[in-house]
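Student:
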Amino acid sequence: MHAGIVPPHLLEQIARVASDGPADAAQRTLAIGRRVVGSREVRAARTSRPGYSGTATGLIPPHLQERVPETRPPRTAAAVEAAVLRRRVHDAQHGTALPGVLVRAEGAPATGDESADEAYTGLGATWTLFREVFGRDSLDDAGMELVATVHYGQDFENAFWDGEQMIFGDGDGVYFQSFTNAVDVIGHELTHGVVQFTAGFVYVGQSGALHESVADAFGSMTKQRMLGQSAAEADWLIGEGVFTDAVRGRALRSMKEPGTAYDDPVLGRDPQPGSMADYQDLPHDEQHDNGGVHINSGIPNRAFVLAATGIGGASWEGAGPIWYRALTRGGLPKDAGFAAFARATLAAAEQLHGPGSAQRAAVQEAWRSVGVTTEQA
104 MHAGIVPPHL LEQIARVASD GPADAAQRTL AIGRRVVGSR EVRAARTSRP GYSGTATGLI
164 PPHLQERVPE TRPPRTAAAV EAAVLRRRVH DAQHGTALPG VLVRAEGAPA TGDESADEAY
224 TGLGATWTLF REVFGRDSLD DAGMELVATV HYGQDFENAF WDGEQMIFGD GDGVYFQSFT
284 NAVDVIGHEL THGVVQFTAG FVYVGQSGAL HESVADAFGS MTKQRMLGQS AAEADWLIGE
344 GVFTDAVRGR ALRSMKEPGT AYDDPVLGRD PQPGSMADYQ DLPHDEQHDN GGVHINSGIP
404 NRAFVLAATG IGGASWEGAG PIWYRALTRG GLPKDAGFAA FARATLAAAE QLHGPGSAQR
464 AAVQEAWRSV GVTTEQA
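Going by this note's numbering, the residue at position 98 of the sequence shown is 201; the numbering climbs one at a time, nothing skipped.
1) In whole angstroms, what is the alpha-carbon distance linking Lys437 and Val298?
2) Express the C-alpha separation of Phe304 and Arg138 in angstroms, rounding to a whole number.
3) Taking buried to mean at least 16 other C-beta atoms within 10 Å of its own C-beta, is Glu260 buried or exposed?
4) Taking buried to mean at least 16 other C-beta atoms within 10 Å of its own C-beta, is Gln196 buried or exposed?
5) Hey, which unbroken runs of the beta strand (DSSP E) at 3 residues or more fall wholly within the stretch 176-255?
6) Please report the residue range of the alpha helix (DSSP H) in which Met269 lies.
7) Express the C-alpha separation of Trp339 and Leu162 in angstroms, rounding to a whole number.
8) Only counting the same chain, and skipping five residues up and downstream in sequence, which positions put a Cβ closer than 8 Å to that of Gln278?
9) Extract the residue ranges of the beta strand (DSSP E) inside the stretch 263-341, only unbroken runs of 3 or more that lie entirely within it.
10) Going by beta carbon distance, what residues of the same chain come within less than 8 Å of Gly457, once the five residues before and after it are set aside?
11) Considering Cα atoms alone, identify which of Ala128, Gly421, Glu468, Met247 is closest to Ile320.
12) Determine contact between the stretch 262-281 and the stretch 401-419, defined as no fewer than three beta-carbon pairs at a distance below 8 Å.
13) According to DSSP, simplified to helix, strand and coil, what is Gly371?
14) On the three-pair Cβ rule with 8 Å, is the stretch 284-294 touching the stretch 312-327?
15) Measuring only the C-alpha atoms, how far is Asp384 from Thr214?
16) In the structure shown, what three-state DSSP assignment does Tyr427 receive?
17) Taking only the alpha-carbon atoms, compute the straight-line gap between Leu242 and Gly227 and give it to the nearest angstrom.
18) Quick check: the Cα distance between Arg471 and Asp123, rounded to an integer number of angstroms?
19) Quick one: is His166 buried, meaning 16 or more other Cβ sit within 10 Å of its Cβ, or exposed?
20) From this set, Thr283, Arg239, His397, which residue's C-alpha is nearest Met269's C-alpha?
21) Give the DSSP-derived three-state secondary structure of Gly344 in the structure shown.
22) Quick check: what's the CA-CA separation for Val109 versus Leu355?
23) Excluding the five sequence neighbours on either side, which residues of its own chain have a C-beta within less than 6 Å of the C-beta of Thr132, listed in chain order?
24) Quick check on the DSSP output: the alpha helix (DSSP H) that includes Trp490 runs from which residue to which?
25) Using the Cβ count rule (16 or more neighbours within 10 Å means buried), how would you classify Ala106?
26) Can you name, in chain order, every residue of its own chain whose Cβ lies under 6 Å from the Cβ of Gly296, other than the five neighbours on each side?
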């Protein structure tokens, strides 16, 4: 399952190379992450793919039932119009008991706690993107309340969606700082919740990399919409501001230029590829990031940037609706790979704009440019 905005290979590198304080913090973060995974898998199985219990009760065996895409129809325009934003932000006070002390409920004034108020704003920005642009009523499309906990753990070096709520650490102060100061991080993690309730991609190999890439795409759109940027104007960085000034790096990832986000003596060099020519075929185990889900996501990330800039204008108006339709109505199995997702985006572009449209051509050229498809636009 999803491990957080900071990939395991970065935390493992800090644990190996850094001084005692940050190294200990990285070890604690990794240990907590592993502990959360088990409970999160149970929650995800219980809540994803409405209409399926996860237990075979008839003729269809579980391994086939898992591959069946969600067929629930989208909510009506009237239902989406009536949607109401509901947020709760809690303070863990550097403990790990969830959700912690309630510090800001929906409609309450700012607390003066920067992390709590940033989380509150980021939850709202992400909810608003999905409602106003994509007609979605919260993560589950059924009005789910958005809950976040800040100041989680001691020097906790991550932020993650645990299957039911958001959790934000404050960082170690040496390599990472507060994870609430990057709205794209908040949008990214909440989008893991949307994927949980829609395509439900298995978090391993290419389907896991798609899980990460879709989260990056919608996280970046959340940031770009807040800033009023076009696809051409955007920096396409994920997690800008998460590193301290001591780190030689711009962000956790660059969607536009995978592999260039950081190059640091302690953290190492950004390992993301930008095309299938550099795809890393890694073992599907915890030691190798479940097959490199945070690494190979650079390939579909770059495809999204190329599609968004090729179509032009705002990413959430051009490529965004195509990716959203592919995610929610593309008939994708949970173990979909890059080629299957590319086909779903091409079909979505045709459905939205027509087979001979400039939008479809831009999507096709994007996937060809990263080596996922070979067909010329």
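In this text, a Cβ means the ideal position worked out from N, Cα and C, and glycines have one as well.
Tutor: Let me spell this out:
1) Cα to Cα, the separation comes out at about 10 Å.
2) One C-alpha to the other measures close to 21 Å.
3) By the 10 Å Cβ count, Glu260 comes out buried.
4) The residue is exposed, with fewer than 16 neighbouring Cβ atoms inside 10 Å.
5) Segments of the beta strand (DSSP E) lying fully in the stretch 176-255: 190-194, 204-208, 249-253.
6) From DSSP, Met269 is part of no alpha helix (DSSP H) but of the beta strand (DSSP E) over 269-271.
7) Interpretation of Leu162 is limited by its pLDDT of 42, a score under 50 that renders its predicted location unreliable; the figure taken from the coordinates is listed afterwards. Straight-line Cα distance between these residues: approximately 46 Å.
8) The question names Gln, but residue 278 is Tyr in the sequence shown. Ile117, Ala121, Pro125, Glu260, Phe346, Thr347, Ala349, Val350, Val369, Leu370, listed in sequence order.
9) As far as the stretch 263-341 is concerned, its whole beta strand (DSSP E) runs of at least 3 residues are 269-271.
10) Here the set comprises Arg463.
11) A quick correction: the sequence has Ala, not Ile, at residue 320. Among Ala128, Gly421, Glu468, Met247, the Cα nearest to that of Ala320 belongs to Gly421.
12) The stretch 262-281 vs the stretch 401-419: no contact.
13) Three-state result, Gly371: strand.
14) Touching, per the Cβ criterion.
15) Rounded to whole angstroms, the separation of the alpha carbons of Thr214 and Asp384 is 47 Å.
16) Assigned with DSSP and collapsed to three states, Tyr427 falls in helix.
17) Each residue's alpha carbon lies about 12 Å from the other.
18) A direct Cα-to-Cα measurement between Arg471 and Asp123 gives close to 46 Å.
19) With a pLDDT of 45 at His166, under the threshold of 50, the predicted position of this residue should be treated as unreliable, though the coordinate-derived value follows. The residue in question, His166, is exposed, as its Cβ has fewer than 16 Cβ neighbours within 10 Å.
20) Minimum Cα distance to Met269 is reached at Thr283.
21) Note: Gly344 maps to coil in three-state DSSP.
22) Roughly 7 Å separates the two Cα atoms.
23) Hits under 6 Å: Leu114, Phe259, Glu260, Asn261.
24) Nothing about residue 490 can be reported from this structure: the residues present for the chain run from 104 to 480 only.
25) Looking at its Cβ environment, which holds 16 or more other Cβ atoms inside 10 Å, Ala106 is buried.
26) So the qualifying residues of the chain are Leu242, Trp264.
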